[in-house]
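So the structure is just underneath, and the comments pick up after that.
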Amino acid sequence: MDYSEYTAPGVICREDSLVTTDGVTLTIIDFIPPGDAPDRPIVVFVAGLISLITGWRDVLKEITPHYRTLYIETREKKSAGMPARNGIEFSVSRMTRDLDELLRDKVPEDRPLCFVGSSLGSTIILDYLSQHLRESGTAILIAPNYEFRFPPWFILMLRWFPPLFYVPVKYILKWYLRNFRLDRRKEPEQVRKYEGTIDAAEPTRLKASALVLKDYTLGDKLRDVNAPVIIVGARTDALHGIPEMEAMVDAMPQARLAIMESNKETHSTKAGLLIVEEIRRCTEGRGNP
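Pasting the structure below:
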């Protein structure tokens, strides 16, 4: 795949992979700008549940010309290679281990490190940071999930409908998001984005992920996150409420909230510029959030 549309001329784009300790092969898109050097921060970008890189084009175009960026495709996505056996985990704790294994393999210990995440990816990063496995610079996290609230009817459908029947399920899910959780009049582009991710999901992995994520919560882990964190929320985002994000910020020693107007804006050039400035601010020693 050609990833040049996600960056600027002169940036090297290459697809890499990592085989985890349980045999899953993760896809990594590595963006290397011309000015990359061992003393420059490397950005690890972990996106949300079943999300597609196409939704992050404008954000990546701002980050990747400045900082080497590893964009991680998490294990529930179609790009992940699965071993020929049952019982593969899709929990946050397993994905946190994936992140740790990736950092140990791809990012030298003495390399400055920053995180960018969204939704499930943001939650994975917070879970990882709470364990103090590695020193990190700033983490800019768009709409993290404190817990995962799936409607009861969706969980029932997942339990009783085999993946073979995903087509009717996905149309019901699209209808629910369009009419109850997204603003289809003000943000039709975001509706199309979410519908695209639902269409692209691998149903067996989506089912396994949702059934385990429904029981997850960050709980008391936030108070153990000592890295500087910026949580980015959107006023019109009904999927990730501002009050919940405010409570998450209050629970962390070095966190603050940046509010954008819409979900569309959190995926835009404006969000990319915010991320670049926050990384520069932190790494140049002009204070933490």
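Be aware that the sequence shown starts at 977, since it is given in this note's numbering, and climbs by one per residue. Glycine included, each C-beta is placed from N, C-alpha and C at the ideal position. A quick note: this is a predicted structure, and the numbers were derived from the prediction, not measured.
Start and end of the alpha helix (DSSP H) containing residue i?
i: Glu-1049; result: Not the alpha helix (DSSP H): Glu-1049 falls in the beta strand (DSSP E), residues 1044–1049.
i: Ile-1251; result: 1245–1259
i: Arg-1080; result: 1068–1082
i: Ser-980; result: Element bounds for Ser-980: n/a, residue is neither H nor E.
i: Ile-1018; result: Counting along the chain, Ile-1018 falls outside any alpha helix (DSSP H), though it belongs to the beta strand (DSSP E) covering 1018–1022.
i: Leu-1028; result: Neither: Leu-1028 is in no alpha helix (DSSP H) and is coded neither H nor E.
i: Ser-1185; result: 1179–1189
Please state whether DSSP places residue i in a helix, a strand or coil.
i: Met-1236; result: strand
i: Arg-1161; result: coil
i: Val-1000; result: coil
i: Ile-1008; result: strand
i: Leu-1194; result: coil
i: Phe-1130; result: helix
i: Val-987; result: coil
i: Glu-1065; result: coil
i: Glu-1220; result: helix
i: Glu-1085; result: coil
i: Glu-1052; result: coil
i: Ala-1176; result: helix
i: Leu-1153; result: helix
i: Asp-1200; result: helix
i: Arg-1135; result: helix
i: Asp-1015; result: coil
i: Gly-1263; result: The predicted model places Gly-1263 with a pLDDT of 40, which falls under 50 and marks its position as unreliable, so this point remains unresolved.
i: Ser-1106; result: coil
i: Pro-1144; result: helix
i: Thr-1040; result: coil
Can you tell me the Cα-Cα spacing of residue i and residue j, whole angstroms?
i: Arg-1262; j: Glu-1220; result: Only weak support exists for where Arg-1262 lies, its pLDDT of 43 falling under 50; the value from the coordinates is given anyway. Computed Cα separation, rounded: 28 Å.
i: Arg-1110; j: Pro-1084; result: 11 Å
i: Pro-1014; j: Lys-1037; result: 22 Å
i: Arg-1154; j: Met-1071; result: 29 Å
i: Met-1207; j: Tyr-982; result: Looking at the sequence shown, residue 1207 is not Met but Ile. Taking the straight line from one Cα to the other gives about 23 Å.
i: Glu-1253; j: Thr-1259; result: 10 Å
i: Tyr-1192; j: Met-977; result: 34 Å
i: Leu-1149; j: Arg-1016; result: 42 Å
i: Ala-1177; j: Leu-1189; result: 16 Å
i: Leu-1134; j: Tyr-1152; result: 15 Å
i: Gly-1093; j: Val-1143; result: 29 Å
i: Thr-1001; j: Gly-1057; result: 5 Å
i: Tyr-1104; j: Arg-1199; result: 13 Å
i: Ile-1100; j: Leu-1079; result: 13 Å
i: Ala-1247; j: Gly-1209; result: 11 Å
i: Ala-1119; j: Arg-1161; result: 21 Å
i: Phe-1066; j: Gly-1031; result: 22 Å
i: His-1108; j: Ile-1174; result: 34 Å
i: Thr-1114; j: Lys-1197; result: 17 Å
i: Glu-1241; j: Ala-1203; result: 25 Å
i: Ala-1255; j: Phe-1137; result: A quick correction: the sequence has Ile, not Ala, at residue 1255. If you take the alpha carbons of Ile-1255 and Phe-1137, they lie about 44 Å apart.
i: Val-1068; j: Val-1020; result: 17 Å
i: Leu-1250; j: Ala-1060; result: 42 Å
i: His-1042; j: Asp-1081; result: 22 Å
i: Gly-1195; j: Tyr-1122; result: 8 Å
i: Gly-1011; j: Ile-1064; result: 39 Å
In the DSSP assignment, what are the bridge partners of residue i?
i: Val-961; result: Outside the displayed span of the chain (977 to 1265) sits residue 961, for which this structure offers no information.
i: Gly-1057; result: Thr-1001
i: Asp-992; result: Ile-1004
i: Val-1167; result: Val-1167 is not bridged to any residue.
i: Ala-1210; result: Met-1236
i: Glu-1123; result: Thr-1193
Just checking residue i against the ligand ADP - is the residue's beta carbon closer than 7 Å to any of the ligand's heavy atoms?
i: Ala-1177; result: Because no ligand of any kind appears in the structure shown, any question about the ligand ADP cannot be addressed here.
Determine the extent of the beta strand (DSSP E) in which residue i is found, giving its start and end residues.
i: Leu-1089; result: 1089–1094
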